[in-house]
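A.B. asks: Pasting a structure here, questions to come.
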Amino acid sequence: MASPALSHFLPRFGVAAAVAGALSLAGCQSWNTQNSLPPTSGVQPLKGLAQNVSVRRSVVGVPLIESNSFHDALFTLGYVHASDRIEQMVTLRLLAQGRLAEMSGAEVLEVDRLMRAVNLKKSADELYKASSPRIKRFFEVYARGVNAYLFRYRDKLPPDLAARGYIPEYWKAEDSALIFCLLNFGQSANLLEEINSLVLAQKVGSDKLPWLTPSYPDEPLPTAEADKLKGLALHVPGLSELSLAAKQMSTLNSLGVTAGSNLAVAPQRARSGRSLLASDSQIGAWYYVQIRAPKYQAAGASIAGLPAILQGFNGKLAWSMSSAMGDNQDLFLEKLKRQGNALYYQNNGKWQPVIVRNETYFVKGQRPIREAVYETRHGPLLNSTLGINANNALASGYGLALQMPELKDDRSLDAFFDLSRAQNVEKASDASREIRAIALNMVYADASNIGWQVTGRFPNRREGEGLLPSPGWDGRYDWDGYADPMLHPYDQDPAQGWIATANQRVIPRGYGMQLSNSWDAPERAERIGQWLSGGKQDNRSLIALQYDQTTLFAAKLKMMFEAPGMALPLKNAIDALPDADRAKAREAYSRLMAFDGKLSAGSADAALYELFLQESAKKTFLKQLGPESGVAWQAFVANAGLSYPAQADHLLSREDSPFWGDSRNGQKEDKPTTLARSLAAAVSSGEQLLGTDRKAWQWGKLHSYRWTRNSGQAIRAPLQAGGDQNTVNSAGYRWGQDFAITTTPALRFVVDFALSEPLMGLNSSGQSSNPVSPNYANGIDGWLKAQYLSFPMQPQNFERSYGKTRLTLVPGK
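Numbered as in full-length UniProt numbering, the sequence shown ends at 813 without a single skipped number.
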């Protein structure tokens, strides 16, 4: 099985690895695996085309589609998506449908149960029905292109897919809406946080929970949110199983990574006097493509399964997206009782029958399973789907209902297409405001202007903030419609001369709508702001910024060490340590105070800094949340990767936290004592992991990039990595567990309007999910070396990027 820590590098086949286990390519098929590669030159007839279409490929396999009609271009987009990424498309469709077990067996059945309860099909049906006839035609034509591939290569599928004996169903236009809804579903970090927070509440109670769920460094602790749970016997049947299923679902959903950044630089901040835009994304499922057709041209990032370029450049406008970390999904605890064979839930003092829908699961190698899914007025009961819905199990505790926004009358799919055709910032702003089905930071630029718009549909909560589950029986916490889109944050041509988002809080405290309480830590955004304010920019400086490995958290840590209320108590706490520990703590303190914050792979001080972060988390929290193998500690570690973490919050403040209370020798510890012991432990841990020669320590020896195939076979040997979760060039790890990299930017691009060909980009994932393709994982070298490739808009420059070799698709009979 592929390690989850590596799945972000191999999202298009890491998904398959996670659900299929270790598959050896040798002997798992009886045909020549090269037969699974569609041709990239010559002439190929395809039924469904109206006219000839040309497809050329760049050196890394990016297709240039040249067509005399936009419909034929969309048909061809479906064909090339399927040619390169059919495994990704099939796997994500099955995940969204709750049908993975049909292909991969019982080990993913709990994920299927969760996804059947969530019922993305309902959302997709609403979204598709609300789309214009024009968009529906586009989706239908695209689906015909996918099916042209499936018809021709049904018996020559990529080996990892064929080895499982699964024959994909033909693609439907509605399936593309389903993929979009899976993308949207994956952008809500707070759903997993709410589940994990309930696990933590069961461990420490509602009184201590706020200390584990901070919103932001300058926000008060969410005590009012936790008070919603006060006095409740938090017995939620199946909560541990739900938590595990949700984490597994998150790992499988390569569209579900929320981290990334995007920025735009106004002309006054650019060396050339013309705008720039830059974007990076940790979603590994991105697929570069360029389309040239009458009245439509664009190049950029698409997702196989969706007939759209979601971010890129069209010759006049550059646009990009990053997660807004919007909280538009809420969990509600529901009081349940069973009378006879019927299940009821409480609503404002009255008992109402749940809605029942029956689901049938077809599990590979087993007999079909038929189970009920229960729904309340808030939504489906997620924990009723995890093998506990028999007899009276749910009557003994709470149901956990998920409410999501309705997508009726939603024209988001139209809006994305309109955005890709917009010729200036004003038109881009108009289109972005109509994107309601997904919460994003849309940043865009033309040669003279820049802009930003938060998209999405955000509930008005009568009470509460949605950070933690609410009592569903109390109408005070119900939704009351949605925020007026005119309140959604936006900006255009700000006086500071730049716009930047990195999943940080983008609104001031007390803003007039509830956008979220689950922001990422602020350091990446602060570093981008520091960089952009430091001088005029060009494409080279923005590329350097995308690869920057300086953390501002280190400077904040030093300020905390030297704060008036900390400096002397910390010195005294270090002095009070046993001799050996005291020497180590003094060494660690001295080196950390001299540390410049540059997390390069070869830095010894960077290694010590990260060892201290890990040790401080364990010394602060493990006593009350452990053991390390327990579900509570795992929930705590997982939440640190989802939004601003308690680990950081406690290091920089919270001197009165009850989690400083680890008793030793009958004496209760305070923060300085815990920090002193953490400093000593960091050196001890370094000696154990890296040896006693401090000069030989390197951060990259603890922290490395790894690429593997589904079989576990290495594509590239481990390579030392710098950075961490707080650097622009992100390389996050599990804070409190280990240093294995869990997230890095996969796709990057820069648009410099001063250049004759403004767009350049790279993608570490490679274009193909077929391991026998030359374009499988072939973006790694370019990604490591920052070798951005040009995407030319002018036909006279096509040959330089895409060569002369072409595949000509012709109408077939």
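We treat Cβ as the ideally placed atom computed from N, Cα and C, and that holds for glycine.
Could you name the residues that DSSP lists as bridge partners for Asp-752?
C.D. replies: DSSP, once it has assigned bridges, lists Leu-276 as partnering Asp-752.
A.B. asks: Give every residue of the same chain whose Cβ lies closer than 6 Å to the Cβ of Asn-639, excluding the five residues on either side of it in the sequence, and list them in chain order.
C.D. replies: For Asn-639, where only same-chain residues beyond five positions count, the Cβ hits under 6 Å are Glu-193, Asn-196.
A.B. asks: Work out the CA separation of Asn-358 and Ser-243 for me, nearest whole Å.
C.D. replies: If I take the Cα positions, the gap works out to 23 Å.
A.B. asks: Taking Cβ to Cβ, would you say Phe-659 is nearer than 8 Å to Thr-620?
C.D. replies: Yes; because the gap between Cβ atoms is below 8 Å, this pair is in contact.
A.B. asks: What is the residue span of the alpha helix (DSSP H) that Phe-362 lies within?
C.D. replies: Careful: Phe-362 lies outside any alpha helix (DSSP H) and carries neither H nor E.
A.B. asks: Nearest-angstrom Cα distance between Thr-251 and Leu-77?
C.D. replies: Each residue's alpha carbon lies about 27 Å from the other.
A.B. asks: For Val-53, which residues from the same chain have a beta carbon less than 6 Å from its beta carbon, with the 5 sequence-adjacent residues on both sides left out?
C.D. replies: Closer than 6 Å at Cβ, skipping near neighbours: Ser-67, Asp-72, Thr-76, Leu-809.
A.B. asks: Could you spell out where the alpha helix (DSSP H) holding Phe-595 opens and where it closes?
C.D. replies: Premise fails: Phe-595 is in no alpha helix (DSSP H) and is neither H nor E.
A.B. asks: For Ser-215 and Asn-517, I'd like the C-alpha separation in whole angstroms.
C.D. replies: Between Ser-215 and Asn-517, the C-alpha separation is close to 5 Å.
A.B. asks: Which of helix, strand or coil does DSSP assign to Val-236?
C.D. replies: DSSP places Val-236 in coil when its eight states are reduced to three.
A.B. asks: Assign His-488 to one of two classes, buried (16 or more other C-beta atoms within 10 Å of its C-beta) or exposed (fewer than that).
C.D. replies: With 16 or more other Cβ atoms within 10 Å, it is buried.
A.B. asks: Using only the alpha-carbon positions, how far apart do Gln-339 and Pro-353 sit?
C.D. replies: Computed Cα separation, rounded: 10 Å.
A.B. asks: State the DSSP-derived secondary structure class of Arg-540, mapped to helix, strand or coil.
C.D. replies: Correct three-state label for Arg-540: helix.
A.B. asks: I think Trp-633 touches Gly-626, with their Cβ atoms under 8 Å apart; what is that distance to the nearest whole Å?
C.D. replies: Between Gly-626 and Trp-633 the Cβ distance is about 6 Å, and since that is below 8 Å, they are a contact.
A.B. asks: Can you tell me whether Asp-480 is buried or exposed? The criterion is at least 16 other CB atoms within 10 Å of its CB, across all chains shown.
C.D. replies: By the 10 Å Cβ count, Asp-480 comes out exposed.
A.B. asks: Are there 16 or more other CB atoms within 10 angstroms of the CB of Trp-351, so buried, or fewer, so exposed?
C.D. replies: With fewer than 16 other Cβ atoms within 10 Å, it is exposed.
A.B. asks: Report, in whole angstroms, the separation of the C-beta atoms of Val-728 and Ile-528, which I expect to be a contact under 8 Å.
C.D. replies: Their Cβ separation, rounded to whole angstroms, is 6 Å, which keeps Val-728 and Ile-528 in contact under 8 Å.
A.B. asks: Identify the residues that DSSP records as bridge partners of Thr-501: which are they?
C.D. replies: According to DSSP, Thr-501 bridges with Asn-262.
A.B. asks: Between Gly-535 and the rest of its own chain, which residues show a CB-CB distance below 6 Å, the 5 nearest in sequence each way excluded?
C.D. replies: Closer than 6 Å at the Cβ level, and outside the excluded window around Gly-535, lies no residue.
A.B. asks: I need the boundaries of the beta strand (DSSP E) containing Asp-480, first residue and last residue.
C.D. replies: Unbroken beta strand (DSSP E) run through Asp-480: 479-482.
A.B. asks: Would you say Leu-150 and Ala-96 are within 8 Å of each other, going by their C-beta atoms?
C.D. replies: No, the Cβ-Cβ distance between Leu-150 and Ala-96 is not below 8 Å.
A.B. asks: Pull the bridge partners of Ile-355 from the DSSP assignment, please.
C.D. replies: For Ile-355, which the question treats as bridged, DSSP gives the partners Glu-375.
A.B. asks: Just verifying my parser: in three-state terms, what is the DSSP assignment at Phe-659?
C.D. replies: Correct three-state label for Phe-659: helix.
A.B. asks: What do you get for Pro-494, buried or exposed, if any count of 16 or more other CB atoms within 10 angstroms of its CB means buried?
C.D. replies: It counts as exposed.
A.B. asks: If we ignore side chains and look at the alpha-carbon of each, how far apart do Leu-310 and Asn-184 end up?
C.D. replies: Those two C-alpha atoms are separated by around 13 Å.
A.B. asks: For the alpha helix (DSSP H) that contains Trp-286, what are its first and last residues?
C.D. replies: No alpha helix (DSSP H) holds Trp-286; the beta strand (DSSP E) holding it covers 286-293.
A.B. asks: May I ask you to verify whether the region 54-65 touches the region 248-267, counting CB pairs closer than 8 Å and requiring at least 3?
C.D. replies: Verdict: no, contact absent.
A.B. asks: Can you check which of these residues, Ser-36, Arg-57, Tyr-374, Ser-41, is closest to Ser-801 by C-alpha distance?
C.D. replies: Looking at the Cα atoms, Arg-57 is the closest of the given residues.
A.B. asks: What did DSSP end up calling Ala-117 once you bin it into helix, strand or coil?
C.D. replies: Helix, per DSSP.
A.B. asks: Under 8 Å by Cβ, that's how I've got Lys-47 and Lys-813 pegged, so tell me the actual separation to the nearest angstrom.
C.D. replies: Confirmed, about 7 Å.
A.B. asks: Distance check for Ile-741 and Gly-732, CA to CA, integer angstroms please.
C.D. replies: Rounded to whole angstroms, Gly-732 to Ile-741 spans 6 Å at the Cα level.
A.B. asks: Tell whether a beta-carbon distance below 8 Å holds between Ser-240 and Cys-181.
C.D. replies: Result no, Cβ atoms of Ser-240 and Cys-181 do not sit closer than 8 Å.
A.B. asks: Which residues mark the beginning and the end of the beta strand (DSSP E) in which Arg-57 is found?
C.D. replies: First-last of the beta strand (DSSP E) with Arg-57: 53-57.
A.B. asks: Consider the Cβ of Val-443: report whether some Cβ of chain E lies at a distance smaller than 8 Å.
C.D. replies: In summary, chain E is missing from the structure at hand, where a single protein chain is found.
A.B. asks: Within 8 Å, do at least three Cβ pairs link the region 367-387 to the region 110-120?
C.D. replies: With a cut-off of 8 Å, the region 367-387 and the region 110-120 count as touching, because enough Cβ pairs lie within range.
A.B. asks: Check for me: the beta strand (DSSP E) holding Ile-450 runs from which residue to which?
C.D. replies: Looking at the DSSP string, the run of the beta strand (DSSP E) that includes Ile-450 is 450-454.
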